[in-house]
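Residue numbers (the working numbering): 296 to 771.
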Amino acid sequence: MSMRLGGLISGADTETLISALLELERVRIYRQEEKQEQLEAKQKAWRDVRSALTNIQSKLDQLRFPTLFRSRKVELSDNSVATVTADAGAAQTSYTLQVVKLAQSHVITTQSEAAYKAADEQLGWAGTFDIGTDPNALKTITVEETDTLSSLAAKINAADSGVLAHVVMVSEGKFRLVLTAAKSGSANVIRLENEVPGQPPQGQTYGNLLEDILGLTGANQLVLSEAQDAEIILNGEPYKSSTNTFDNILPGIKITVKKPSGDDVVSMTVSSDIDKIVQVVKDWVNAVNSLQDLLKKLSAYDVEKKTGAALTGESLVRSIQSRMRQFFSTEVAGMPASMKMLSQIGVSTGAYGTADFGKIVVDEEKLREVLQRDPEGVARLFGLNEDGQKGIAVQMNDYIKSLLDSQSGALEVRDKSLSQQIDRIRDTIERIEVQLEQREKVLRLQFARMEEAMARLQGQGNYLALMLLGRSQSQS
């Protein structure tokens, strides 16, 4: 770093002078930075508006389609017995349900202590056997004399036979093999067949692997869980399933049993899920109100301070505000006179003089009454009716899509324009910075030359003074 000693001759504080001169010219940068901040604030504001519109779209994605208005809920008199779900449009009716038993997977092991093995104990048997639950797709397992319970379990699991093998500790240092059918149901019984021993070493004989060494067949077998179907009685009719789920008895209804009900009869009622529909409508209304609040805030003007917000004076703000309000007073073509407008189902603008004035409000009681009476009519008011006329949710979604279109949408066009303006300002600031660097060099050079000139003048003055002093002394 070079040391600057300006003003040694002139006595002037050249560093301060140069800084002051540069600061005057730096005002141009400050003005550009102020413009940049304003543009960035405006861009952020529009992006906040975009987010609010996108949030409304997410609510409209449900309101636009009839599936929402055909939502179903299922109520059980005992929820501990089963879980029941119903698809949209499932028949609304009541049923009686009894759970007789649950589905189980077949699980076997050994009860013979002779079959308990140490963790690293070799089986001492070679040969093959077949395993599986499908008699037409049994898998062959090849056993080596050096296999242990763990290595045999790994071979069974790798065979993809529909049977899972686990090694379980019985007591300290003793383990046994446990086999579990991968699928539940009475048809999935574990099969161990076709045991074929290999050629034993000379002078030795092989015993029976499955029955004696492993204890998985014959008298040594211990059944921990029988292969069993789930059984229910629905409206007095018995039904079975290999799993604990019944999804092919009633169209659109899935029953998952959790425990037997004994002699108790569980009532099951399928009805319209009005709570869900009302909540979606309320969420949509809240999203619209949030947008309007945001637009009002971003376009506000402070009379006392005489300052505006980021989007004050923007015509697009007023256009969006106006268009969004219009949807709540628009009549949908092709609808009956009793259901042409949202206000007829309980969705309207707040009354003048109330705290809700200017906001969209939901008369929940009225909405529920209409949904109970004519859910399909409400679906058409929001979505599409038989004549292909667009309902309110479809119209609003189309409008928002036009605003957010990545090519021609008004918000996208503004965002790109603002980005370009901000980039140009950044370029301008960079150019001014370069100019100021050059200006600083010029000023320093000029001040240095001034100091040199003053030094020469001072030297000449000193010389003349000495000459005059010498002459004066000689004359005296």
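Each residue gets a CB set at the ideal place from its N, CA and C atoms; glycine is no exception.
Cβ-based burial, residue i [other Cβ within 10 Å; buried from 16]
| i | result |
| --- | --- |
| Y390 | buried |
| T602 | exposed |
| L316 | exposed |
| V491 | exposed |
| A646 | exposed |
| V641 | In the sequence on display, residue 641 carries Gly and not Val. G641 should be labelled buried. |
| F677 | buried |
| L358 | buried |
| L474 | buried |
| G557 | exposed |
| K600 | exposed |
| D524 | buried |
| S617 | exposed |
| L303 | Note that L303 scores 45 on pLDDT, short of 50, meaning its location in the model is unreliable and no value can be drawn from it. |
| Q733 | exposed |
| R726 | exposed |
| E609 | buried |
| P670 | buried |
| L740 | exposed |
| D568 | buried |
| G427 | buried |
Where the alpha helix (DSSP H) containing residue i begins and where it ends
| i | result |
| --- | --- |
| R323 | T309 to L358 |
| A449 | L444 to A453 |
| Q516 | Counting along the chain, Q516 falls outside any alpha helix (DSSP H), though it belongs to the beta strand (DSSP E) covering Q516 to S520. |
| L662 | E659 to R668 |
| K592 | I569 to L593 |
Residue of the options minimising C-alpha distance to residue i
| i | options | result |
| --- | --- | --- |
| F541 | E728, K478, T378 and I403 | T378 |
| F364 | E526, G531, I544 and V576 | V576 |
| A522 | E416, Y411, S536 and S697 | S536 |
| A476 | D442, D429, S445 and S703 | D429 |
| E310 | A460, A748 and K736 | K736 |
| E439 | Q494, L392 and K696 | Q494 |
| S366 | L666, I720 and E681 | L666 |
| V657 | D710, F623 and L679 | F623 |
| D578 | E332, I324, Q352 and Q331 | Q352 |
| S375 | Q499, V402 and K554 | K554 |
| K527 | G427, T380, T538 and T649 | Per the sequence shown, residue 527 should be read as Ile rather than Lys. Considering only alpha carbons, the answer is T538. |
| Q387 | P361, I544 and V565 | V565 |
| G653 | V708, S703, P631 and V580 | V580 |
| A381 | V552, T435, I548 and L529 | I548 |
| R613 | T625, V627, G629 and Q587 | Q587 |
| K571 | R719, T362 and E681 | T362 |
| V249 | Q406, V484 and T435 | Within the shown structure, residues of the chain are numbered from 296 to 771, placing residue 249 beyond reach of any answer. |
DSSP state of residue i mapped onto helix, strand, coil
| i | result |
| --- | --- |
| P430 | coil |
| Q406 | coil |
| V642 | strand |
| Q730 | helix |
| T723 | helix |
| N692 | helix |
| Q393 | strand |
| P631 | coil |
| E259 | Only positions 296 to 771 of the chain appear in the structure, and residue 259 is not among them; the question remains open. |
| Q616 | helix |
| D718 | helix |
| Q702 | coil |
| D597 | strand |
| S422 | Just to set this straight, residue 422 is Gly in the shown sequence, not Ser. If DSSP states are grouped into helix, strand and coil, G422 belongs with the strands. |
| K711 | helix |
| A748 | helix |
| I548 | strand |
| K736 | helix |
| L679 | strand |
| S566 | strand |
| Q684 | coil |
| P361 | coil |
| Q399 | strand |
| G384 | coil |
| G498 | coil |
Residue i - containing beta strand (DSSP E), residue span
| i | result |
| --- | --- |
| A381 | A377 to A381 |
| A476 | K469 to A476 |
| V491 | R486 to P492 |
| Q367 | Looking at the sequence itself, residue 367 is Arg, so the reference to Gln does not match. Segment R367 to L371, the beta strand (DSSP E) holding R367. |
| P261 | Lying outside 296 to 771, the shown extent of the chain, residue 261 is not represented and no answer is given. |
| L459 | V458 to S466 |
Cβ distance (whole Å) where residue i is taken to contact residue j below 8 Å
| i | j | result |
| --- | --- | --- |
| L472 | A448 | 6 Å |
| M634 | V583 | Not confirmed; about 20 Å, so no contact. |
| G510 | A409 | 7 Å |
| V458 | I451 | 6 Å |
| A398 | L589 | The Cβ separation is near 54 Å, so there is no contact. |
| D425 | N489 | 4 Å |
Cutoff 8 Å: residue i Cβ touching any chain B Cβ
| i | result |
| --- | --- |
| S712 | The chain labelled as chain B is not found in the depicted structure, where only one protein chain is given. |
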